[in-house]
Amino acid sequence: MSTRIEIPVHLRWSDMDAYGHVNNVDMMRLLEIARIEAFWASETSTHHTGILDASPGSATATFVARQEIEYLKPLTYKRAPIIVELWIGHIGGASLDVCYIIRDDTHDGSTPTIYAQAITTIVLVETATNTPRRISAQERETWLPYVDFPVKLRHRRRSN
């Protein structure tokens, strides 16, 4: 079994919509916050997986090629941080699929409530040429322990 990265993220009151739960756009922001914390290099990052220098002006940019989210329960405002659990569902030549579960943080061993699950395909881009770049051997080696089966999303029924 792979290792998963757990990123605590605090909700903001402004994340709520008129129905009293986290707005769908802000759910994507929660994923982005966790993804940056997990994979971007930073002096403050506590995760050794944070090796991408994708800050402004760096040689690499990370572009979202695809993003899909499945909402399972409404997420209402909480003072305690929620947990965004991340792992890699696939490492390709220049891209990777980041998988997520957004859930409660449970300290008492109880079963957490899962609010959403998602997959984001990230493409590494060389900023000088604005073209995809290969994932380096160091990046691949660092991320391999975090590769596991991708999230299983329900698919829509298509009408004929």
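Counting along the sequence shown from 1, when you hit position 32 you're at 916 in this note's numbering, and nothing is skipped either side. Quick reminder that beta carbons are idealized off the backbone N, C-alpha and C, glycines included.
Skipping 5 residues on each side, what residues in its chain have a beta carbon closer than 8 angstroms to that of residue i?
i            : result
residue 1022 : 935
residue 959  : 895, 905, 906, 911, 966, 986, 999 and 1000
residue 942  : 1011
residue 897  : 961
Looking only at C-alpha atoms, which of the options sits nearest to residue i?
i            : options               : result
residue 888  : 909, 918, 906 and 913 : 918
residue 1033 : 984, 1006 and 995     : 984
residue 966  : 979, 991 and 940      : 991
residue 988  : 964, 982 and 1003     : 964
residue 961  : 981, 910, 979 and 924 : 910
residue 891  : 923, 908, 897 and 980 : 923
How should residue i be labelled, buried or exposed, when 16 other C-beta atoms within 10 angstroms of its C-beta is the threshold for buried?
i            : result
residue 1037 : exposed
residue 949  : exposed
residue 903  : exposed
residue 921  : buried
residue 1027 : buried
Spatial neighbours of residue i within its chain, please: C-beta separation below 7 angstroms, excluding the five flanking residues on both sides.
i            : result
residue 945  : 938, 1009 and 1011
residue 1018 : 977 and 978
residue 915  : 968, 984, 1002 and 1004
residue 926  : 934
residue 893  : 914, 917, 918, 965, 966 and 968
Run through the DSSP bridge pairs and tell me what residue i is partnered with.
i           : result
residue 979 : 1007
residue 984 : 970 and 1002
residue 936 : 924
residue 945 : 1009
residue 954 : 1001
Please list, in chain order, all residues of the same chain as residue i whose beta carbon is under 6 angstroms from its beta carbon, the five residues on each side excluded.
i            : result
residue 1030 : 886, 887, 971 and 972
residue 947  : 1007 and 1009
residue 900  : 961
residue 980  : 972 and 1006
residue 1035 : 983, 1001 and 1003
residue 951  : 1004
Should the stretch 1010 to 1020 be called in touch with the stretch 966 to 973, which here means at least 3 C-beta pairs below 8 angstroms?
-> Here the stretch 1010 to 1020 does not lie against the stretch 966 to 973, with fewer than 3 beta-carbon pairs under 8 angstroms apart.
Can we say the stretch 992 to 999 touches the stretch 943 to 958, given the rule of at least three CB pairs closer than 8 angstroms?
-> Result yes; three or more Cβ-Cβ pairs closer than 8 angstroms.
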